[in-house]
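Step one of this worksheet: look at the structure below.
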Ligand code: ADP
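In the numbering used here, the protein residues as written are 700 to 1077.
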């Protein structure tokens, strides 16, 4: 018999906020640990812990307050998660799973070992490594920091030795180790959410993601590729989760090249931007199934409720208050679902919210979503 369980979330951003809404909906409670007060999720609860995971005392207090712990990003050192586990509290996904994912080089090696198709990759050992790397990957490749990369920060596209040296200096300034990856001439980028408990594993519809400046901009569900390729992408997603012995919710990003070959770009052990459309687009959202999976409860259906869904991120258009400036125009389309994350400040390019439209005519909903994204000022 489950009482009112309290789920602790490490991190208080929009992913924690949207998970919290679903936890409340199901009658559970949440606690949030975030560096600053009044974070998007912290402002929803009295159980707001301010500080960070390197503070043993605080982390212990937080763990004691919660029945189970999850996270909203993969940047928390796996050893800190291990510390929570040593206190007798479960972390979902576990510290062992996060350890395999949070270093992208280790992640790629793990996927490759499990026969999952990934772009060619190689370790970067020094600033004089261009020749050795280009011998394996070709003249053009992507240098990536092994840890802490997000929204393209931590990546550099390199076409010659000079650019390589510049990238090496820039990325080693901010991050520790680097690796390099073949430049994939993809025709589309795909993503699939996979959710797993001890008893079940389910996939969401495979989506197409369109990035602008390395940030996810538009998501189209389902991806407009053949049924056979959709199935293949789902199967690869499941293999990825099993490869890291993952339980909970995972987002797997992939490339599909001109010949239809699918390669895994990366996986995230948490709700994912490419799955925001599921809130209105699917019977059970990624956030609700995240909560269910963390508590090892039966999963809800991942089926689409209409034929298509389109999600567009609302990035800050100005520097100022983090609120919508023109609600009347922003809510002028009756089929639009508007989500605002409650961030105190907007900055140009910062993820401030998103919009979703579901429907049975893809061209119509895509056009409407694009028009509305232009109108909303935040
Ligand atoms: P982050 O973890 O910062 O989001 P990713 O490694 O997912 O970074 O890269 C962000 C974007 O950069 C991808 O969505 C894709 O558009 C592009 N990209 C990443 N790796 C490659 C690659 N090997 N070849 C071509 N483009 C890539």
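Glycine included, C-beta positions come from ideal geometry on N, C-alpha and C.
- For residue 818, the shortest C-beta to heavy atom distance toward the ligand ADP is below 7 Å.
- For residue 939, the three-state secondary structure derived from DSSP is helix.
- In the DSSP secondary-structure assignment, residue 1023 is not bridged to any residue.
- For residue 749, the CB contacts under 6 Å within the same chain, skipping 5 residues up- and downstream, are 736 in chain order.
- Under the DSSP definition of a beta bridge, residue 733 partners with 749.
- Residue 857 and residue 731 have their C-alpha atoms spaced approximately 40 Å apart.
- In the DSSP assignment, residue 707 falls within the beta strand (DSSP E) that extends over 705–709.
- By the CB criterion at 8 Å, residue 982 and residue 1065 fall outside the cutoff.
- The alpha helix (DSSP H) runs of length 4 or more contained entirely in the segment 783–852 are, from start to end of the chain, 794–801, 803–812 and 829–836.
- By a beta-carbon distance limit of 8 Å, residue 1039 does not contact residue 943. Their separation comes to about 33 Å.
- Of the residues assessed, residue 852 falls on the exposed side of the cut-off, its CB having fewer than 16 other CB atoms within 10 angstroms.
- The beta carbon of residue 1001 sits closer than 6 Å to the beta carbons of 901, 903 and 981 from its chain, once the five residues preceding and following it are set aside; these are given in chain order.
- Residue 910: member of the beta strand (DSSP E) spanning 906–911, first to last residue.
- Straight across, the Cα-Cα distance linking residue 888 with residue 969 is about 19 Å.
- A distance of 8 Å or more separates the beta carbons of residue 811 and residue 768.
- Rounded to whole angstroms, the separation of the alpha carbons of residue 817 and residue 928 is 16 Å.
- Under the three-state reduction of DSSP output, residue 1056 falls in the strand class.
- Of the other Cβ atoms in all chains shown, fewer than 16 fall within 10 Å of the Cβ of residue 1059; this residue is therefore exposed.
- Contact annotation, residue 796 with residue 945: C-beta distance approximately 5 Å; criterion of less than 8 Å satisfied.
- Relative to the ligand ADP, the beta carbon of residue 850 is positioned inside 7 Å of a heavy atom.
- Counted as a single uninterrupted DSSP element, the alpha helix (DSSP H) harbouring residue 764 occupies residues 755–764.
- Under the three-state reduction of DSSP, residue 744 is assigned to coil, being neither helix nor strand.
- Nearest Cα to residue 971 within the set 1029, 1053, 941 and 1048: 1053.
- DSSP places residue 922 outside any beta strand (DSSP E), giving it a letter other than H or E.
- With a contact defined as Cβ atoms closer than 8 Å, residue 988 and residue 1030 miss out at about 28 Å.
- Restricting attention to 794, 744 and 793, the CA atom closest to the CA of residue 727 is found in 744.
- Between the alpha carbons of residue 956 and residue 882 lies a distance of about 11 Å.
- Within 7 Å of the C-beta of residue 990 there is not a single heavy atom belonging to the ligand ADP.
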